[in-house]
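The opening residue of the sequence shown carries number 4 in the working numbering; numbering runs sequentially from there. Note that CB positions come from ideal geometry on N, CA and C, so glycine has one too. Quick notes on the structure that follows.
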Amino acid sequence: MGEILIAFILGIVEGLAEFLPISSTGHLILVGHLLGFEGESAKTFEIVIQLGAILAISVLYRGRLVSLFNIKPILRKEQKFNAIHIILGVLPAVIAGLLLHDVIKTYLFQPSTVVIGLVAGAILMIFAEKKKPEPTSFSLDDLTYRQALTIGLFQCLAVYPGFSRAGSTISGGLLARASYKAASEFSFLIAIPVMIGATGLDLLKSWDHLSASDIPMFAVGFITSFVVAMLAVVTFLKLLEKWGLTPFAYYRIVLAILFTVFVLL
């Protein structure tokens, strides 16, 4: 299969899966395995197309991002979404990522471990759906610092490939008494600094694997990921309010079973 077609397919996968609770990393590893697109070049490509998904969220939530630079709500101790929420939501995952980055990249980026992550994340999502209390925060401005930190702690689970950053953070948000909308939008926003940090670190370590001949392939993947992610986020928010997390959890379990039976065994 041609590199441009592979880039287009993986761009679609990344754009669809990055902000849905189904694990974009897991899907990229599984689809890359099926397409025979693996190795250091593939890992670097996956890093680049994640930046396309990050850009999509930055565009969609540009107003919220700009408002984070306004420190007046913090100084006035107003109950309003601000930069402290982001810091509390990001810090635990940053620490976990820095401590475990090399171990994860070396030992966990393979199909068999992704299957485990898909199932484990699905169990958490089903548990969150069944045990979630009545929400007290219905928008980003309702979120407390404690809720932000709780969601940030749940995000640490996503360092395991296949677990899903969106799945873990939205589940944590529901258990912390945030609504679907508040939990998912906070999940989207704290993804930006976490993913920029992680992709930046990966790019620095993978720089030697880049060459000018990779530009067309990487550009196709990046643009495809950006466009698909824009559409996926808007659609996902509507589906989440209607269906909840359970259908996505069942999808993960079915995917894990099918991949195990038809590919790994």
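query: Thinking just about the alpha-carbon of each residue, which of ALA96, LEU58 and SER209 is nearest to the one in SER44?
result: SER209
field: Proximity below 8 Å, CB of ARG65 to CB of LEU143
entry: no
Beta-carbon gap between VAL51 and LEU31 smaller than 8 Å: no
query: By DSSP, does ALA181 sit in helix, in strand, or in coil?
result: strand
task: Could you tell me whether the Cβ atoms of GLN158 and PRO95 are closer together than 8 Å?
output: yes
message: Using only the alpha-carbon positions, how far apart do ILE12 and GLY224 sit?
response: 8 Å
field: Under the three-state DSSP convention, the category SER142 falls into
entry: coil
Rounded C-alpha distance that separates LEU78 from ILE260: 52 Å
- prompt: Under 8 Å between the Cβ atoms of GLY176 and ILE195?
  reply: no
- request: Determine the direct distance from the alpha carbon of GLY170 to that of LYS241, and round the result to whole angstroms.
  value: 16 Å
field: Close-in-space but distant-in-sequence residues of the same chain around PRO24 (CB under 7 Å, 5 per side omitted)
entry: MET128, SER167, ALA169, GLY170, ILE173, LEU248 and PHE251
Those runs of the alpha helix (DSSP H) which lie wholly inside the region 147-183 and span at least 4 residues: 148-158 and 168-178
- prompt: Going along the chain, which residues of its own chain have a beta-carbon closer than 6 Å to the beta-carbon of ARG180, five neighbours each way excluded?
  reply: PRO136, PRO138 and THR139
message: By the DSSP assignment, the alpha helix (DSSP H) with TRP246 in it spans what residues?
response: 218-246
- prompt: To the nearest angstrom, how far is it from the Cα of GLY92 to the Cα of GLY29?
  reply: 22 Å
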